[in-house]
Structures are given as structure tokens and as C-alpha cells.
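S.K.: Numbered by this note's numbering, the letters in the sequence shown go through residues 71 to 466 in order. I have a structure I would like to understand better, so I am pasting it below and will then ask my questions one at a time.
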Amino acid sequence: MDMLTTSTRLPIVVLVLTLAAAGCEIRKSSTPLSPSLAGPIAGVEITTPQPVQPKANDRIRDSEQPITLAFTNAESNSVRPFSLIVQVAADPDFKQIAYTQTGIKPAAEGLNRVVLPSRLQPGRAYYWRTKADDGANASEWSEPVRFEILRPIVLGVPEPLSPIGGARVTSQTPQLRVRNGQSSGPHGPLHYHFQASLTPTFTTGVAEATVAEGPGETVIVVPGTPAPDVLVYWRARVTDGTNIGQWSRTESYRTPAAAAPAPPPGGGGGGTPPPTGGGGSCASNNGDAIVRCIEAKYPSYLRAGVSLAQREANMAFLRDRVIEAGLCGGLDLAWNLKRGVGPHSIDAIAWRHPNGHVDVVDIGVGFDDTSRPLRLQWVIVAGPPGYDPYPKPSCN
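As C-alpha cells, then:
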């Protein structure tokens, strides 16, 4: 009885399962938009989306990561919506996949963009491709596009060699010398940018120059010193025109001491003045009258064609004679301190008034242009107050 019951039921169960499966197959193939559609739909064609960016053999800086993949939409004659896929690999056969993203909805404007979520390892080549898929039909993969992620650019820091530590230089055109920094990566031609200033913060009075990198060391010649016996701060850094390295440590040197004024040549008038004093003959309380008198008294100190050091020494000599003449005429004149703190200005003096106000008076016209004769003037200019008293002159 039991055997009969079992044998009778088995065909019935098999029949039911067969009919159910057949019904399922009919439903999956009857609705093209169904997500459970099995197999490709005949006659459907999906074009291959095309890579746009990066282009073939692009060389991408590591600093531009993470990169963006840009690619066109596909076209399809199916009613089924398609999505897009991108892949990035370390080999052209895509066996070493570095990144895959599926389910990308086509952009309405026709150009799709995918930003990689992380950086690719620099210093090597990569390949990328794209395709479209609607779940039943798919396009071919696009042709792989090769690109490179370049090694990071590192610009080394120069090491100042000389002059350093505030050492006094003996030349009016000293050389600044650095040991080249250790640079690496796909940088362009290297140049060294030098700065020099009278302040360690490099905020005012900064002179700058750039020279090509030398073998092992890089040297630049300073075209002239700002004044005798002053401390000059300097530094350098590397650039390839696009990238800029860090500044070197700041170093310093002291310019040569002021040269003693040369005695005026014979003839031409003027004579040799005493080293100090002697302000009485041009004594006045009128600044313009003082500078005209000093010009007339010492014409040999105005001559052109001298060295910069000699011009500076001549200007310092005339400055002192102007101060002495003013003091002897009743003006309270003094040495002016550059930027209010020093050293003494060569072509400017301090004029102290009875009410306590201090003016800065510019007395030299382009004194550092040695190709032209020196001219004196009396012009009040803006400047921070700061002065050193001048010794009482002889007003005979």
C-alpha cells in the first residue's frame, strides 16, 4: 500500500515542477524591460562609449591626482536603459585591475566624468577602458588608453656656502655660493633664485636675481653693495619655472668698510678740505643755500666716472660738510639712521626742529649713478625718525 502511494505521487510532483519552470521561462522572455530578462535580445545594438580624458600617452603629474576619467555616452536601439562601466588596470590585458566602477548612469549632456576615489601609484603606466551594458545586451570594450602617473617632483633645498656668519667681504661685488639641492622627478631645467636684504625678514629693500643651476654648486655675483659696513642677509631657493622649492636657511655678510676720500686732483678749484670741521664758510640756516655752497666749494667730489666705492665715500664726505654748515648756521642737523635704526644714510640727513619733529632730508640726486656728475639737493622726504648726533664742528 505504501509503495503504491509513493509511486503514484512522484509523477505528479515532477509534472508540477516542470510546468512551473516552463511558466517562469515564458515570463522572463515576454517583458523586455524586466530586470530578470535572460540573455541578449535579438536585434539590439549598443555602441561603444569612447574615452576622452586622459588621452593616449598623457603624462599626469602626481600633484594632479586623483585623476578624472571622461568618456562619451553609448547609443542603443533598445528600450532597456543602459549603464556604463569603467576599468583602470596596470597592464594592457586588464589582468591587474586597479579600479572598476559599474552602474554609471549616462550623463544628460553626453560626457561622463568619474573621479577616482584614491591616488594611483606614481612612476608607472596605466590603461583604462569603458563599455555599456543594459543587463541583457552589452557593447564591446573601448580600445585601452595608456597614460602615465609621473613620479612626484622634489626640488631640493640649497645649502649656503659663502659668505656666511656675518663675515666681512672684501669685494664690492661679492659672490654668493650655494651647494645645489638634491632634486628629483620629472622637473624642468633648474634655476636658483637668490634674495638679499638689509633685514632678516626680507620685507624691505630686497634685491633679487636668478641664475641657471651650476655643476654641484651655483654661484651668483652681487652687482654692488648697498652701503659700506652694513650687514646683508641672503638666501636662495630652486625653481623649474612651474614648481618652487623651499628657501635655504638665511645667511649674512658684512660689506667692505668705507674707503677714505681720495684727495681732489690739482686744478679745478676747491682745494683739499679739512677732514672735520670747516663748516663756517658755507654756514647758513637755509638748506638750499648750504648745498649750493658745498657743491661750489668741493667740485672734485662731484665728478663722474669714479668707482661706486669712491662715489659713496665722496657722498659721505659731502654729507658731513652739509651737516657742519647747517650746525654752524643754526640748524640742528644730525646723521640720519636708515629706516630709523641704522646704519647712517649716505645721501640723507636728519633735521631736528625746536618742536621735536624730525625731518629726513635727501641731499643726493642719484648718487649711485657714477656715470653722471653728483648733484646735491635739499628735499624733505618721508622716512622713520632716527638719528645720531653729529660732533660739534669748528665754525671758523
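All C-beta atoms, glycine included, are put in the ideal place defined by N, C-alpha and C.
Any idea which residues DSSP pairs Y457 with across the strands?
M.R.: Here residue 457 refers to the residue found at position 387 of the sequence shown. According to DSSP, residue pairing for Y457 in a beta bridge involves N406.
S.K.: Measuring only the C-alpha atoms, how far is E321 from A237?
M.R.: On the sequence shown, residue 321 is found 251 positions in, with the first residue counted as 1. On the sequence shown, residue 237 is found 167 positions in, with the first residue counted as 1. For E321 and A237, the distance between alpha carbons rounds to 10 Å.
S.K.: Suppose contacts are defined by Cβ-Cβ distances below 7 Å. Is Q265 in contact with E278 by that definition?
M.R.: Here the question's residue 265 lines up with position 195 in the sequence shown. Here the question's residue 278 lines up with position 208 in the sequence shown. Against a cut-off of 7 Å, the Cβ pair of E278 and Q265 comes out as a contact.
S.K.: How would you label H257, buried or exposed, when you count the other beta carbons within 10 angstroms and need 16 or more for buried?
M.R.: Your numbering for residue 257 matches position 187 in the sequence shown. With a 10 Å radius around the Cβ and a threshold of 16 neighbouring Cβ atoms, H257 comes out buried.
S.K.: Could you check how far apart the C-beta atoms of R183 and T142 are, in whole angstroms? I think they sit under 8 Å.
M.R.: As a first step, residue 183 must be located in the sequence shown, where it is residue number 113. As a first step, residue 142 must be located in the sequence shown, where it is residue number 72. About 11 Å separates the two Cβ atoms, so there is no contact after all.
S.K.: If I follow the unbroken alpha helix (DSSP H) through I393, where does it start and stop?
M.R.: Here the question's residue 393 lines up with position 323 in the sequence shown. Here the alpha helix (DSSP H) through I393 covers L378 to G399.
S.K.: Look at G173 and S153 and say whether their C-beta atoms are less than 7 Å apart.
M.R.: Translated into positions along the sequence shown, residue 173 becomes position 103. Translated into positions along the sequence shown, residue 153 becomes position 83. The answer is yes: Cβ separation under 7 Å.
S.K.: Quick check on I155: buried or exposed, where buried means 16 or more other Cβ atoms within 10 Å of its Cβ?
M.R.: As a first step, residue 155 must be located in the sequence shown, where it is residue number 85. Buried, since its Cβ has 16 or more Cβ neighbours within 10 Å.
S.K.: Between L268 and G275, what straight-line distance do the alpha-carbon atoms span, to the nearest angstrom?
M.R.: Here residue 268 corresponds to residue number 198 of the sequence shown, with the count starting at 1. Here residue 275 corresponds to residue number 205 of the sequence shown, with the count starting at 1. One C-alpha to the other measures close to 7 Å.
S.K.: Here's the rule: buried if 16 or more other CB atoms are within 10 angstroms of the residue's CB, otherwise exposed. What is T240?
M.R.: Here residue 240 corresponds to residue number 170 of the sequence shown, with the count starting at 1. Burial check for T240: the Cβ neighbour count within 10 Å stays below 16, so the residue is exposed.
S.K.: Who are F272's beta bridge partners in DSSP?
M.R.: Within the sequence shown, residue 272 is the residue found at index 202, counting from 1. Its beta-bridge partners do not exist; DSSP assigns none.
S.K.: Using the Cα positions of K408 and W304, report the straight-line distance between them to the nearest angstrom.
M.R.: For the purposes of this step, residue 408 is taken as residue 338 along the sequence shown, with counting starting at 1. For the purposes of this step, residue 304 is taken as residue 234 along the sequence shown, with counting starting at 1. About 19 Å.
S.K.: What did DSSP end up calling A160 once you bin it into helix, strand or coil?
M.R.: To locate residue 160, count along the sequence shown from 1; it is residue 90. A160: coil per DSSP, three-state reduction.
S.K.: Could you tell me which of L190, W211, I116 and E115 sits nearest to I130, measuring between CA atoms?
M.R.: Numbered from its first residue, the sequence shown carries residue 130 at position 60. Checked all of L190, W211, I116 and E115; the closest Cα to I130 is L190.
S.K.: Nearest CA to the CA of P230: which residue from V308, P222 and A383?
M.R.: Within the sequence shown, residue 230 is the residue found at index 160, counting from 1. The candidate whose alpha carbon is nearest that of P230 is V308.
S.K.: Could you tell me the boundaries of the alpha helix (DSSP H) in which K367 lies?
M.R.: Position 297 of the sequence shown, counted from the start, is the residue given in the question as residue 367. Segment G357 to K367, the alpha helix (DSSP H) holding K367.
S.K.: Can we count W421 as close to the ligand GDP, meaning its CB is less than 6 Å from some heavy atom?
M.R.: What this structure holds is no ligand at all, so the ligand GDP is not there to describe.
S.K.: Decide if N147 is buried, meaning its Cβ has at least 16 other Cβ atoms within 10 Å, or exposed.
M.R.: Taking the sequence shown and counting its residues from 1, the one referred to as residue 147 is at position 77. N147 comes out exposed.
S.K.: Measure from the alpha carbon of A112 to the alpha carbon of each residue in V122, V149 and P124, then state which is nearest.
M.R.: Here residue 112 corresponds to residue number 42 of the sequence shown, with the count starting at 1. For A112, the nearest C-alpha among the options comes from V149.
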